[in-house]
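**Q**
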Amino acid sequence: MLNDVNTAKVNELRNRYPTAQALVLPVLWIVQEQEGYISEDSMKYVAALLGLPFGHILGVVTFYTMLHSKPTGKHHIEICTNVSCMLRGSGKILEHLEKKLALKPGEVSADMRWSLEEAECLGSCGTAPMIAIGDEYYENLTIAKIDALIDTIAKSTDD
Amino acid sequence: MIVQPSDIEKTTAWKNVVLPPITDLHKIDIYRANGGYEGLKKALAMKPEEVIDEVKKSGLRGRGGACFPTGLKWSFMPRTSSKPKYLCVNGDESEPGTFKDRQIFEYNPHLLIEGTLIACYAMGMTAAYIYIRGEYNKWIRILQQALDDAYAAGYAGANIAGSGFSANIYIHRGAGAYICGEESALMNSIEGQRGYPRIKPPFPAQAGLWGCPTTINNVETIANVSVIIKNGSKWYSEIGTSKHPGPMLVGVSGNVNNPGVFEMPTGEPLLDIIYKWAGGIPGNKAVKAVIPGGSSTMILRGERLEGVRMDADSLKAAGSSVGTAGMIVMDEDADLIRVLTRIAKFYYHESCGQCTPCREGTVWMFKIMKRFEQNLAVAEDVDLLMDIAGNIEGNTICALGDAAAWPVQSMIRLFRDEFEKRTRKVTASAIPLV
Ligand SMILES: Cc1cc2nc3c(=O)[nH]c(=O)nc-3n(C[C@H](O)[C@H](O)[C@H](O)COP(=O)(O)O)c2cc1C
Ligand code: SF4
Ligand code: FES
Chain A
464 MLNDVNTAKV NELRNRYPTA QALVLPVLWI VQEQEGYISE DSMKYVAALL GLPFGHILGV
524 VTFYTMLHSK PTGKHHIEIC TNVSCMLRGS GKILEHLEKK LALKPGEVSA DMRWSLEEAE
584 CLGSCGTAPM IAIGDEYYEN LTIAKIDALI DTIAKSTDD
Chain B
1239 MIVQPSDIEK TTAWKNVVLP PITDLHKIDI YRANGGYEGL KKALAMKPEE VIDEVKKSGL
1299 RGRGGACFPT GLKWSFMPRT SSKPKYLCVN GDESEPGTFK DRQIFEYNPH LLIEGTLIAC
1359 YAMGMTAAYI YIRGEYNKWI RILQQALDDA YAAGYAGANI AGSGFSANIY IHRGAGAYIC
1419 GEESALMNSI EGQRGYPRIK PPFPAQAGLW GCPTTINNVE TIANVSVIIK NGSKWYSEIG
1479 TSKHPGPMLV GVSGNVNNPG VFEMPTGEPL LDIIYKWAGG IPGNKAVKAV IPGGSSTMIL
1539 RGERLEGVRM DADSLKAAGS SVGTAGMIVM DEDADLIRVL TRIAKFYYHE SCGQCTPCRE
1599 GTVWMFKIMK RFEQNLAVAE DVDLLMDIAG NIEGNTICAL GDAAAWPVQS MIRLFRDEFE
1659 KRTRKVTASA IPLV
């Protein structure tokens, strides 16, 4: 299932840890990056690859919030609503995003382009309010900045 | 994001050492041109136990939350061991209100790498794992680049700087779980398991990662090791307060004009941090409350901040703790019930579920807080909250239980009136729990 480049990456990773089990998280990350999410088949593949029971892999995937067993939107938006962000207006940003994308936290749009999730503190408390889209952080947000950002992303991925 | 001392008027004449204002310091050439890796070379010329002694004498205390003396922790490691020994550097940084380790990854990654290598040498370790929260992928890439450069320059890997000492550093990416910042959960996470905290004893120095002797230190703690070895323990021990010395990265967020991470000597007055470093409160409003060190630390009343300082003793005397030095400031208009409800939701979401008091207690506290938030609570609910928090505290495998209880207890103790304002005048039995 893993492509050649990623298989090579996994083999390289084996030198870093004394046990195959320690590769669970790094390999699941590689799978998620390649496939977008971690399907049941992928979990079975990882179990076989590392010589572990399927149940162990399932247990790990369900434990960590960043590992997705279902596809997310192409642009997965996480909005921090924890205290520092709340004090600086994350509530209004969330409300606006919900309207703009017609999504509630936890939902994926029908065309699979957007998904929205409420997040715990993402380490941007000093630049609140903020959102993360994929690996990218967007900080010190205002409604105008959110609008511009979403519109730019929407345009750049329109065919 | 980092505000340099020259930008603001403040009480202490302070020149940053952990986050100095040097452009492109993340590049190895710039780092070296500014004395980088000199500390490592100095350490490699010392005996390992002399390095531990220097760290002891410096007075450095952990920056991960518990302020534990670092040199003492290091001395718990067995000198000799038939098994390998490991260092885990804790960069999980998920405590709400905390955003300091990220600044080290971004602006001074080599300081962390250098400190990691010094720690490995001092404790006789040949491998270190730097555990970084999954969301920090951008910062993982910055650190990985710095690490690749350090390897290429011969500072990491085999025969470091020609000394005969070898050590590898690996970055391990987390995947979104606050509990993995707890040291034993972190080790389970590296081992490829769910991030469940372990029952102690055994302590990590006896049986940690893969059952081997292990030390876990916070990113900022390890970064401090580099500056201690470079400048000497005497120099370091004279910075800030004598019992909790050194430079400290203080993050200020919430209702302030100029939020950010500030490097300052320990012992700065909280009021100076708010008004001089962080620029005061928007609209000159009053401070209603401050959470001094991340959401797990006890809340303080705004009008009782006079004389309280950012160090272990002073904050303890004030009824709180330093934690991660992530200060959350709330102005007079802040709705503390909403704040506490959000905090309760966090601990409910992050409890790993192993211990009944924590698993059940955090759900109950969150549900009751929601009743207060919606003005549906009754007078008895305040005592019920205290009761639940009291039953969690001290009765769990790890400190997340206490961390969930303390904000509730301290908020009720100091702001009981806020709860009373939000109660209905009916009896408890009349209302079902939402
Ligand atoms: C629930 C929980 C979460 C924690 N999260 C972190 C964290 O993100 N980073 C950290 O350095 N320490 C965290 N700690 C503290 C660690 O268990 C450990 O004490 C610390 O990493 C030791 O480093 P130090 O001695 O250098 O402070 C956490 C503790 C608990 C109970
Ligand atoms: S106190 Fe809570 S988080 Fe810690 S081990 Fe117990 S259930 Fe898990
Ligand atoms: S509270 Fe939102 S990033 Fe920390």
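In the order they appear, the protein sequences are chains A and B.
Quick note: the first sequence uses the working numbering, first residue 464, plus one each step.
Quick note: the second sequence uses the working numbering, first residue 1239, plus one each step.
The beta-carbon is built from N, C-alpha and C at its ideal position, and this holds for glycine as well.
Report the neighbours of Asn454 (chain A) on chain B: residues whose CB is nearer than 7 Å to its CB, in chain order.
**A** The structure shown has nothing for residue 454 (chain A), since chain A only spans 464 to 622.
**Q** Taking its Cβ as the centre, do 16 or more other Cβ atoms sit within 10 Å of Asn1455 (chain B), making it buried, or is it exposed?
**A** Locating residue 1455 (chain B) in the second sequence gives position 217, where the first residue counts as 1. Asn1455 (chain B) comes out buried.
**Q** Give the DSSP-derived three-state secondary structure of Ile1260 (chain B) in the structure shown.
**A** One-based indexing of the second sequence puts residue 1260 (chain B) at position 22. DSSP places Ile1260 (chain B) in coil when its eight states are reduced to three.
**Q** My output table needs one value for Arg1576 (chain B): the three-state DSSP class, helix, strand or coil.
**A** As a working mapping, residue 1576 (chain B) is identified with position 338 in the second sequence. Residue state, collapsed to three classes: helix.
**Q** Taking the alpha carbon of Ala483 (chain A) as the point to measure from, which residue in A:Tyr500, A:Ser502, A:Pro516 and A:Gly499 has its own alpha carbon closest?
**A** Here residue 483 (chain A) is taken as the residue at index 20 of the first sequence, counted from 1. Of the candidates A:Tyr500, A:Ser502, A:Pro516 and A:Gly499, the one whose C-alpha sits nearest the C-alpha of Ala483 (chain A) is A:Pro516.
**Q** For Ser502 (chain A), which residues in chain B fall below 7 Å Cβ to Cβ?
**A** Residue mapping note: residue 502 (chain A) aligns to position 39 of the first sequence, counting from 1. Near Ser502 (chain A) there are no residues of chain B at all, since even the closest Cβ is about 17 Å away, more than 7 Å.
**Q** Determine the contact status of Tyr1367 (chain B) and Phe1343 (chain B), defining contact as a CB-CB distance below 8 Å.
**A** Residue mapping note: residue 1367 (chain B) aligns to position 129 of the second sequence, counting from 1. Residue mapping note: residue 1343 (chain B) aligns to position 105 of the second sequence, counting from 1. No. Outside cutoff.
**Q** Using the C-alpha atoms, what's the distance from Trp577 (chain A) back to Pro1503 (chain B)?
**A** Here residue 1503 (chain B) refers to the residue found at position 265 of the second sequence. Here residue 577 (chain A) refers to the residue found at position 114 of the first sequence. Going by the C-alpha atoms only, they are around 45 Å apart.
**Q** Residues in its own chain within less than 6 Å of Val523 (chain A) by CB, not counting five upstream and five downstream?
**A** The residue given as residue 523 (chain A) occupies position 60 in the first sequence. Around Val523 (chain A): Val487.
**Q** Is the CB of Gly1561 (chain B) under 8 Å away from at least one CB in chain A?
**A** As a working mapping, residue 1561 (chain B) is identified with position 323 in the second sequence. Not one chain A Cβ lies under 8 Å of Gly1561 (chain B).
**Q** Interface residues of chain A around Lys1376 (chain B) at Cβ under 9 Å?
**A** Indexing the second sequence from 1 puts residue 1376 (chain B) at position 138. By Cβ distance, chain A contributes Asp598, Glu599 and Tyr600.
**Q** Pick out the complete alpha helix (DSSP H) segments inside the segment 1300-1355 of chain B, 4 residues or longer, and give them in chain order.
**A** Taking only runs of at least 4 residues, the alpha helix (DSSP H) segments lying wholly in the segment 1300-1355 of chain B are 1308-1313 and 1339-1345.
**Q** Any heavy atom of ligand 2 inside 7 Å of the beta-carbon of Pro1483 (chain B)?
**A** As a working note, residue 1483 (chain B) is residue 245 in the second sequence. Pro1483 (chain B): no, Cβ never under 7 Å from ligand 2.
**Q** Look up Arg1662 (chain B) in the DSSP assignment and say whether it is helix, strand or coil.
**A** Residue 1662 (chain B) sits at position 424 when you count from the first residue of the second sequence. In this structure, Arg1662 (chain B) counts as strand in the three-state DSSP scheme.
**Q** From the DSSP output, which residues share a beta bridge with Gly1498 (chain B)?
**A** Locating residue 1498 (chain B) in the second sequence gives position 260, counting from the first residue. DSSP, once it has assigned bridges, lists B:Val1490 as partnering Gly1498 (chain B).
**Q** With a threshold of 8 Å between beta carbons, is Ala595 (chain A) in contact with chain B?
**A** Locating residue 595 (chain A) in the first sequence gives position 132, where the first residue counts as 1. Closer than 8 Å to some Cβ of chain B, the Cβ of Ala595 (chain A) qualifies, so yes.
**Q** Give, in chain order, every residue of the segment 1402-1413 of chain B whose Cβ lies closer than 9 Å to some Cβ of chain A.
**A** For the segment 1402-1413 of chain B, which is checked against every Cβ of chain A, the residues closer than 9 Å are Asn1406, Tyr1408, His1410, Arg1411, Gly1412 and Ala1413.
**Q** Pull out every residue of the segment 1416-1444 of chain B whose Cβ sits closer than 8 Å to any Cβ of chain A, in chain order.
**A** Cβ contacts with chain A: Tyr1416, Ser1427, Ile1428, Glu1429, Gly1430, Gln1431, Arg1432 and Gly1433.
**Q** Shorter than 8 Å from the beta carbon of Phe517 (chain A) to some beta carbon of chain B?
**A** Here residue 517 (chain A) refers to the residue found at position 54 when the first sequence is read from its first residue. By this cut-off, Phe517 (chain A) is not an interface position.
**Q** With 8 Å as the threshold, decide whether the Cβ of Leu604 (chain A) is near any Cβ in chain B.
**A** Taking the first sequence and counting its residues from 1, one reaches residue 604 (chain A) at position 141. No, its Cβ sits nowhere closer than 8 Å to a Cβ of chain B.
**Q** Is the number of C-beta pairs between the segment 1556-1576 of chain B and the segment 1516-1528 of chain B that are closer than 8 Å three or more?
**A** Counting Cβ pairs under 8 Å, three or more are found: they touch.
**Q** Quick check on Gln484 (chain A) - is its C-beta less than 8 Å from some C-beta in chain B?
**A** The count along the first sequence starts at 1 and reaches residue 484 (chain A) at position 21. Yes, its Cβ sits closer than 8 Å to a Cβ of chain B.
**Q** At a Cβ cut of 7 Å, what residues of the segment 567-587 of chain A count as close to chain B, listed as they run along the chain?
**A** Here the close residues are Glu583, Cys584, Leu585, Gly586 and Ser587.
**Q** Would you kindly work out how many angstroms separate the C-alpha atoms of Ser1244 (chain B) and Gln1383 (chain B), rounded to a whole number?
**A** Stepping through the second sequence from its first residue, residue 1244 (chain B) is reached at position 6. Stepping through the second sequence from its first residue, residue 1383 (chain B) is reached at position 145. Note that Ser1244 (chain B) scores a pLDDT of 46, beneath 50, so its modelled location is shaky and nothing firm can be said.
**Q** Per DSSP, which residues does Val1567 (chain B) bridge with? Please list them.
**A** As a first step, residue 1567 (chain B) must be located in the second sequence, where it is residue number 329. Paired residues: B:Gly1492 and B:Val1528.
**Q** Under a Cβ-count criterion, where at least 16 other Cβ atoms within 10 Å of its own Cβ denotes burial, should Val468 (chain A) be classed as buried or exposed?
**A** On the first sequence, residue 468 (chain A) is found 5 positions in, with the first residue counted as 1. By the neighbour-count rule (16 or more Cβ atoms within 10 Å), Val468 (chain A) is not buried but exposed.
**Q** Measure from the C-beta of Ala1572 (chain B) to each C-beta in chain A and report whether the shortest distance is under 8 Å.
**A** What you label residue 1572 (chain B) is simply residue 334 of the second sequence in a count that begins at 1. Output row for Ala1572 (chain B): interface = yes.
**Q** Check whether the Cβ atoms of Met1536 (chain B) and Gly1505 (chain B) lie closer than 8 Å to each other.
**A** Taking the second sequence and counting its residues from 1, the one referred to as residue 1536 (chain B) is at position 298. Taking the second sequence and counting its residues from 1, the one referred to as residue 1505 (chain B) is at position 267. No, Cβ-Cβ distance for Met1536 (chain B) and Gly1505 (chain B) is not below 8 Å.
**Q** Quick one: is Trp492 (chain A) buried, meaning 16 or more other Cβ sit within 10 Å of its Cβ, or exposed?
**A** The residue labelled residue 492 (chain A) in the question sits at position 29 within the first sequence. Per the 10 Å Cβ criterion, buried.
**Q** Would you please verify whether the beta carbon of Arg1660 (chain B) is less than 8 Å from any beta carbon of chain A?
**A** In the second sequence, residue 1660 (chain B) corresponds to position 422, counting from 1. Chain A, which has no Cβ nearer than 8 Å to the Cβ of Arg1660 (chain B), makes this no.
**Q** Rounding to the nearest angstrom, what Cα-Cα distance links Ile1380 (chain B) and Gly1353 (chain B) in this structure?
**A** Residue numbering aside, residue 1380 (chain B) sits at position 142 when the second sequence is read from its first letter. Residue numbering aside, residue 1353 (chain B) sits at position 115 when the second sequence is read from its first letter. Each residue's Cα considered, the two are about 17 Å apart.
**Q** At a CB-CB cut-off below 7 Å, which residues of chain B make contact with Pro481 (chain A)?
**A** One-based indexing of the first sequence puts residue 481 (chain A) at position 18. Neighbours of Pro481 (chain A) on chain B, chain order: Trp1448.
**Q** At which residues does the alpha helix (DSSP H) containing Ser578 (chain A) begin and terminate?
**A** Taking the first residue of the first sequence as 1, we reach residue 578 (chain A) at position 115. Ser578 (chain A) -> not in any alpha helix (DSSP H); beta strand (DSSP E) instead, spanning Trp577 to Ala582.
**Q** Assign Gln497 (chain A) to one of two classes, buried (16 or more other C-beta atoms within 10 Å of its C-beta) or exposed (fewer than that).
**A** Here residue 497 (chain A) refers to the residue found at position 34 when the first sequence is read from its first residue. With fewer than 16 other Cβ atoms within 10 Å, it is exposed.
**Q** Please list, in chain order, the chain A residues whose beta carbon lies closer than 8 Å to that of Pro1316 (chain B).
**A** As a working note, residue 1316 (chain B) is residue 78 in the second sequence. What Pro1316 (chain B) touches in chain A: nothing, since even the nearest Cβ is about 19 Å away.
**Q** Check whether the Cβ of Phe1306 (chain B) sits closer than 7 Å to any heavy atom of ligand 1, and report yes or no.
**A** Here residue 1306 (chain B) corresponds to residue number 68 of the second sequence, with the count starting at 1. Yes, the Cβ of Phe1306 (chain B) comes within 7 Å of a heavy atom of ligand 1.
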